[in-house]
Structure formats: C-alpha cells, structure tokens
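Here numbering that gives the first Met the number 0 is used: position 120 in the sequence shown is 119, and no number is missing along the way. We put the beta carbon where it would ideally sit given N, CA and C, even for glycine. Predicted model only: the values in this text are computed from it and were never measured. Here the structure is laid out as structure tokens; the discussion comes afterwards.
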Amino acid sequence: MQQTGQGSCCVTAILEEAQEKRHQHLKQSTELLPPPQRMSWDSLSRDDLLRPTIRRASSLTSSSPKSYETPMLGEIQRMLWTPVPCRGNVNEVWPNLYIGDLYIARDIEQLRRMRITHIVNAAAGRFHIDTGAKFYKDLPVDYYGVEADDDPKFDLSIYFYPTAKYIRAALHSPRGKVLVHCAMGISRSATLVLAFLMICENKTLVDALNTVRKHRGVCPNSGFLSQLRDLDIRLMSERGRGGPLNL
Numbered sequence: 000m001q002q003t004g005q006g007s008c009c010v011t012a013i014l015e016e017a018q019e020k021r022h023q024h025l026k027q028s029t030e031l032l033p034p035p036q037r038m039s040w041d042s043l044s045r046d047d048l049l050r051p052t053i054r055r056a057s058s059l060t061s062s063s064p065k066s067y068e069t070p071m072l073g074e075i076q077r078m079l080w081t082p083v084p085c086r087g088n089v090n091e092v093w094p095n096l097y098i099g100d101l102y103i104a105r106d107i108e109q110l111r112r113m114r115i116t117h118i119v120n121a122a123a124g125r126f127h128i129d130t131g132a133k134f135y136k137d138l139p140v141d142y143y144g145v146e147a148d149d150d151p152k153f154d155l156s157i158y159f160y161p162t163a164k165y166i167r168a169a170l171h172s173p174r175g176k177v178l179v180h181c182a183m184g185i186s187r188s189a190t191l192v193l194a195f196l197m198i199c200e201n202k203t204l205v206d207a208l209n210t211v212r213k214h215r216g217v218c219p220n221s222g223f224l225s226q227l228r229d230l231d232i233r234l235m236s237e238r239g240r241g242g243p244l245n246l
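Printed below as a string of structure tokens:
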C-alpha cells in the first residue's frame, strides 16, 4: 500500500509539472511586447520568406468531407500545444500571403523590399496599432483595417467573410502580395487568415491550422478558436448540401 501511495504522488507531481509548463508557455505568449525596434532586412532568416510548397485548394480539402467532423474546442486547443517556431517577424504561410507582427507592419523599407501590395491590419484603431492608410502613403499599397481586440469575448467572426473576400481579391490582383498583421502575429491576424483558407480555399479548420502552423507558430485565443469552429461546422454543412458559399 505504501508503494502505491508513492506512485500516485509521483504521477500527480508529473501532471502538476506539465500543467505548470503549459501555464508558463501561455503566460509568456501574452506578455506585453517591448517597444518597437527597427528590424534589419538581414535579420530575417532565409526560412522566414521561403515560399510554402502548398497545393492550391481549388481541389477538395485533404480531409474527406464524408469522414471529417469538426473537433471539440479542447481537441483544437491541444493541437496548439505542439511547439512550433515562430520564425521571426513575418512568414509566408500561403502563396503570396504573409502573417506578421507590428514590427514588420511599421517597417516601410521591409515592406517595399517584400513588394507587399495589400495590408490587412487586424489590430487597427487608436488604442492598438494605429497606422492607417496615411502611414503607408509612400508605398503603393492598399490598406484594410479591422478594429479588433485580442479578447476571447470579442466577436471577430463578423469580419471573417469581408476580410476573406478582400484577401482573395488582393491575391488575384496583378503581383498581389498580402500582409495580414496584428501585434504579435499569432492570434487576431492568424484567425483571419485561417478563416480565409476555410472560406476561399476549401480547408477544414484542422487543415487550415496545420497549413499555417507549418510556417508560423500561431495560437488564436479560445474565443477566436470557438468562432472558427462554428465557421467550420457551417461550411461543412453548406458543402455537404452542395450549396454555394455566401461571400
């Protein structure tokens, strides 16, 4: 009996240690950013700007619609526990579609060298990253602002379809290159890109997450994940009926 008690204590200690590590990881990811610093072009590693080897999704998603079921929220969150390197301030996660943070969004020279043509600011507004179209007046770019809070209670889903439509049109424009950014490039901007892949590229939520996380360590908050899950259920239902998507 004494040995059994010791074994239980060991298991409990291991579980508590694992939970503490996850807590620390989440805490670090939500800490305030340091003051913006100018980023040199050479600081971007070659891997940051590698073009993803991704099949254009005019075809069906890799998960068969007949066998696919939208995972529960807890299962989706567990997918995000797998460590993925963020790989710098900006990453191409889909052909000509980039996710980045506030540093790349404020670096005019970087954007010019990357030949970005469209910018989606998922943290627009006076109390967030208040760039706006005037900030980019010296660049030949089109600006699209979304005033969103990185708060699980914030309804970002109202922007899913308008932003997806904007990104799709931008990518179809001549030499179109789109940067979607927020403060850290892991929650708000990632959520909008995931929604675009689901709506316009026929991805399931799981496929979209796997696609993006191959190139950037994104981690939408629980509220945004729940909204993406609702979108996934709706899209699977519409595609199962063979109905058109309402863009």
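Classify residue i: buried if its beta carbon has 16 or more other beta carbons within 10 angstroms, exposed otherwise.
| i | result |
| --- | --- |
| H248 | This structure gives no information on residue 248, because the portion of the chain shown stretches from 0 to 246. |
| A168 | exposed |
| R111 | exposed |
| G222 | buried |
| G184 | buried |
| R215 | buried |
| K176 | buried |
| G239 | exposed |
At the level of alpha carbons, what is the spacing between residue i and residue j?
| i | j | result |
| --- | --- | --- |
| K136 | K202 | 35 Å |
| R212 | W80 | 11 Å |
| L72 | R105 | 34 Å |
| E91 | S66 | 30 Å |
| R125 | V179 | 18 Å |
| E237 | Q226 | 17 Å |
| V119 | R77 | 28 Å |
| P161 | E200 | 15 Å |
| R174 | L138 | 15 Å |
| T116 | L96 | 11 Å |
| S114 | I103 | It should be noted that the sequence gives Arg, not Ser, for residue 114. Roughly 13 Å separates the two Cα atoms. |
| S61 | L204 | Because S61 sits at a pLDDT of 48, beneath the cut-off of 50, its placement in the model cannot be relied upon, and the point is left open. |
| I198 | F134 | 30 Å |
| I107 | R86 | 20 Å |
| L101 | Q109 | 12 Å |
| A132 | F153 | 24 Å |
Determine whether the beta carbon atoms of residue i and residue j lie at a separation below 7 Å.
| i | j | result |
| --- | --- | --- |
| S186 | P219 | yes |
| L155 | T190 | yes |
| L224 | I75 | yes |
| Y143 | Y165 | yes |
| A182 | A122 | yes |
| D206 | T69 | no |
Let me check understanding here. Comparing Cα to Cα, which of the options lies closest to residue i?
| i | options | result |
| --- | --- | --- |
| I128 | P82, E146 and F223 | E146 |
| N88 | D206, T190 and G99 | G99 |
| V140 | T130, D149 and D148 | T130 |
| P94 | M78, L196, Y160 and G239 | L196 |
| D149 | R174, I115 and S188 | S188 |
| P84 | F153, F134 and V217 | V217 |
| P82 | I115, I107, N209 and T116 | N209 |
For this session: Would you mind listing the beta strand (DSSP E) stretches within the region 106-178 that are 3+ residues and don't spill past its ends, in chain order?
Result: Those beta strand (DSSP E) runs which fall completely within the region 106-178 and span 3+ residues are 117-120 and 141-144.
Problem set entry | Within the region 190-220, ranges of the alpha helix (DSSP H) (whole runs, at least 4 residues) | Taking only runs of at least 4 residues, the alpha helix (DSSP H) segments lying wholly in the region 190-220 are 204-212.
Exercise. In chain order, which continuous runs of the beta strand (DSSP E) of length 3 or greater are located wholly inside the region 68-94?
Worked result: Here the runs fully enclosed are 89-93.
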